[in-house]
Structures are given as C-alpha cells and as structure tokens.
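Enquirer: Would you mind keeping the following structure in view while I ask a few things?
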Amino acid sequence: DTGVSQNPRHKITKRGQNVTFRCDPISEHNRLYWYRQTLGQGPEFLTYFQNEAQLEKSRLLSDRFSAERPKGSFSTLEIQRTEQGDSAMYLCASSVTGTRNTEAFFGQGTRLTVV
Amino acid sequence: DAKTTQPNSMESNEEEPVHLPCNHSTISGTDYIHWYRQLPSQGPEYVIHGLTSNVNNRMASLAIAEDRKSSTLILHRATLRDAAVYYCILPDRGNDMRFGAGTRLTVKP
C-alpha cells in the first residue's frame, strides 16, 4: 500500500474558475477526512466520510465547496467560483475507523493558488 | 470539545531529549490523547497516542499526568529531522481531529 495519495500536488487557477481535487485513501479505510491549511496555521477540519456517507461538514465548507465519496473509496473535493481566500493546502486523511483510538494517515496535500 | 494548549515554539539541541508539553484541563474520562507532527511541506504524521498509561513507541514516549489534565511528548534524542510542528489533539466524540497551532520545534546542531 502506498499510503494516502492526493492529486494534483499543485494547482494554480484563476479567480472564478472551478477546481477539483482527488484523494485516494488507504484501501479498506472507512473514514476519509478533508482539511484545509493556510500558512502558519494548523490544519482546519472541513468534512469527513464514513464509507460513502458524509457525516459532518464544518462551517468553513461554504456552498461553493462540495465533497463526494461515491463508492466509499476515493473522494473528490470541488471548489466552485474560486476566490483568492481559497488559496491553501488541502489535506486528505484516512483511518480504519474513527480516530479516537487509532491513527489517521495523511496525504501530501494539494496546494491551491488562486490568482 | 476538549481543548489543548501548547507553547508556540521550543528549541532543542541535537541529540538531547526534548519534552513537549500539552495542557488539556477539560479532558473527559474517555478522551484519548494523540500527537501528530508535521514536517515542512508535508502532511501531518502520527506520532503516538494514549489514554491513561504512559506509552512508548519507536518514535517517542508519551507521559500522561495522573489527573490526565496534561501530557508530555518525549523525544529521547532529538535529530535535525525532528524539526517540525507538533500537535497535541483530543479527537472528539465525532471521532474527527481538530488541530490547534501546535508547537514549532527547532533543533539546533
């Protein structure tokens, strides 16, 4: 297993464009999480899935953001009508079950720059 | 959600032990204490976690106070590769993790 994979690693887009990121978790990990991280800050929770069900969404996840995990495997995070404030590192993580008593594995992230 | 408090930054000399503190005075009886670290330009990586007893693994040791209101991550011999931001986290009842600002550890040669 190669760990959590995120694509692309870097994305530069013009303001107003839509972007989509993909996360491939470790196989058989039921939980999948999305985080956003800006420079000098810790990762901020966005949303998480238990298999294909999206169980929680942060208030940070505005209407322009949507996440899916259609078959309980890979996940996509789409940002519509990007704004400069969306520039950040978007991190994906997966775990076998909830992270209360187990570890989560993070991907390398997708760095988004909105110009 | 139980909150954690960590110093913003710490410094250590290479090959010396490092003790990274974390306060979590509102911890509940069933909250696990997790530590993750984030090296530059990488995603966070798991370090260690525990509930009540001290824990050891190949990366570090976790010392948990008897009242569980604080804990200390111990790196026994810091190396330059240990320079990172260290996060102390208590996953909430929803089982997701909320990160604070963490402690930025600088290791001096």
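Chains as they are written, first to last, in the numbering used here: chain A, 1 to 115; chain B, 1001 to 1109. Positions of the beta carbon are idealized from the N, C-alpha and C atoms, including for glycine.
1) The beta strand (DSSP E) with B:Y1021 in it runs from where to where?
2) Check A:G142 in the structure and name its three-state DSSP category.
3) Between A:L91 and A:G72, which are expected to be in contact by the criterion C-beta below 8 Å, what is the C-beta distance as a whole number of angstroms?
4) Quick one: complete beta strand (DSSP E) runs, 3+ long, within the stretch 1045–1087 of chain B?
5) Using a 10 Å radius around the Cβ and a threshold of 16 neighbouring Cβ atoms, would you call A:Q37 buried or exposed?
6) Looking only at its chain, what residues have a beta carbon closer than 8 Å to the beta carbon of B:T1079, apart from the 5 residues adjacent to it on each side?
7) Using beta carbons (cut-off 9 Å, strictly below), is B:R1098 in contact with chain A?
8) Within 10 angstroms of the Cβ of A:V115, are there 16 or more other Cβ atoms? Answer buried if so, exposed if not.
9) According to the Cβ coordinates, are B:I1033 and B:H1024 closer than 9 Å?
10) Any beta carbon of chain A sitting closer than 9 Å to that of B:P1044?
11) In or out: B:T1030 buried (at least 16 other Cβ within 10 Å) or exposed?
12) Which runs of the beta strand (DSSP E), 3 residues or longer, sit entirely within the stretch 31–108 of chain A?
13) Which residue comes first and which comes last in the beta strand (DSSP E) that contains B:L1039?
14) Shortest alpha-carbon distance to B:P1003 belongs to which of B:G1043, B:R1058, B:I1089, B:D1067?
15) What does a CB cutoff of less than 6 Å around B:F1099 pick up in its chain, not counting 5 residues either side in sequence?
16) Quick check on A:T2: does DSSP put it in helix, strand or coil?
17) Going by C-alpha to C-alpha distance, which of B:Q1006, B:Q1038, B:P1109, B:N1056 sits closest to B:L1075?
18) Less than 9 Å between the beta carbons of B:R1104 and B:V1085, yes or no?
19) Kindly indicate if chain B contains any beta-carbon less than 9 Å away from that of A:V96.
Expert: Quick answer:
1) Taking the second sequence and counting its residues from 1, one reaches residue 1021 of chain B at position 21. Residue identity differs from the one stated: residue 1021 of chain B is Pro in this sequence, not Tyr. Here the beta strand (DSSP E) through B:P1021 covers 1018–1023.
2) This structure gives no information on residue 142 of chain A, because the portion of chain A shown stretches from 1 to 115.
3) Here residue 91 of chain A is taken as the residue at index 91 of the first sequence, counted from 1. Here residue 72 of chain A is taken as the residue at index 72 of the first sequence, counted from 1. Not really, about 20 Å apart at Cβ, beyond 8 Å.
4) Fully contained in the stretch 1045–1087 of chain B are the following beta strand (DSSP E) runs of length 3 or more, in chain order: 1045–1050, 1061–1064, 1070–1075.
5) Translated into the one-based positions of the first sequence, residue 37 of chain A becomes position 37. When all chains shown are included, A:Q37 counts as buried.
6) On the second sequence, position 79 is the one that residue 1079 of chain B refers to. Closer than 8 Å at the Cβ level, and outside the excluded window around B:T1079, lie E1014, E1015, V1107.
7) Counting from 1 along the second sequence, the entry for residue 1098 of chain B is found at position 98. So yes, B:R1098 belongs to the interface.
8) Position 115 of the first sequence holds residue 115 of chain A. Burial call: exposed.
9) As a position in the second sequence, residue 1033 of chain B is number 33, starting the count at 1. As a position in the second sequence, residue 1024 of chain B is number 24, starting the count at 1. The answer is yes: Cβ separation under 9 Å.
10) Sequence index remark: in the second sequence, residue 1044 of chain B carries index 44 (1-based). So, interface residue.
11) Looking up residue 1030 of chain B in the second sequence gives position 30. Per the 10 Å Cβ criterion, exposed.
12) Segments of the beta strand (DSSP E) lying fully in the stretch 31–108 of chain A: 31–37, 44–50, 53–57, 65–68, 75–79, 88–95.
13) Taking the first residue of the second sequence as position 1, residue 1039 of chain B is located at position 39. Per DSSP, B:L1039 belongs to no beta strand (DSSP E) and is neither H nor E.
14) By one-based count along the second sequence, residue 1003 of chain B stands at place 3. In the sequence under discussion, the amino acid at residue 1003 of chain B is Lys, which differs from the Pro named in the question. Closest by alpha carbon: B:I1089.
15) Position 99 of the second sequence, counting from 1, holds the residue named residue 1099 of chain B. If we look at B:F1099 and ignore the five residues flanking it on each side, its Cβ neighbours are Y1087.
16) Walking along the first sequence from the start, residue 2 of chain A turns up at place 2. Reduced to three states, the DSSP call for A:T2 is coil.
17) In the second sequence, counting from the first residue as 1, residue 1075 of chain B sits at position 75. Comparing Cα positions, the closest option is B:N1056.
18) As a first step, residue 1104 of chain B must be located in the second sequence, where it is residue number 104. As a first step, residue 1085 of chain B must be located in the second sequence, where it is residue number 85. Judged by beta-carbon spacing, B:V1085 lies within the 9 Å limit of B:R1104, meaning their Cβ atoms are closer than that value.
19) As a first step, residue 96 of chain A must be located in the first sequence, where it is residue number 96. By this cut-off, A:V96 is not an interface position.
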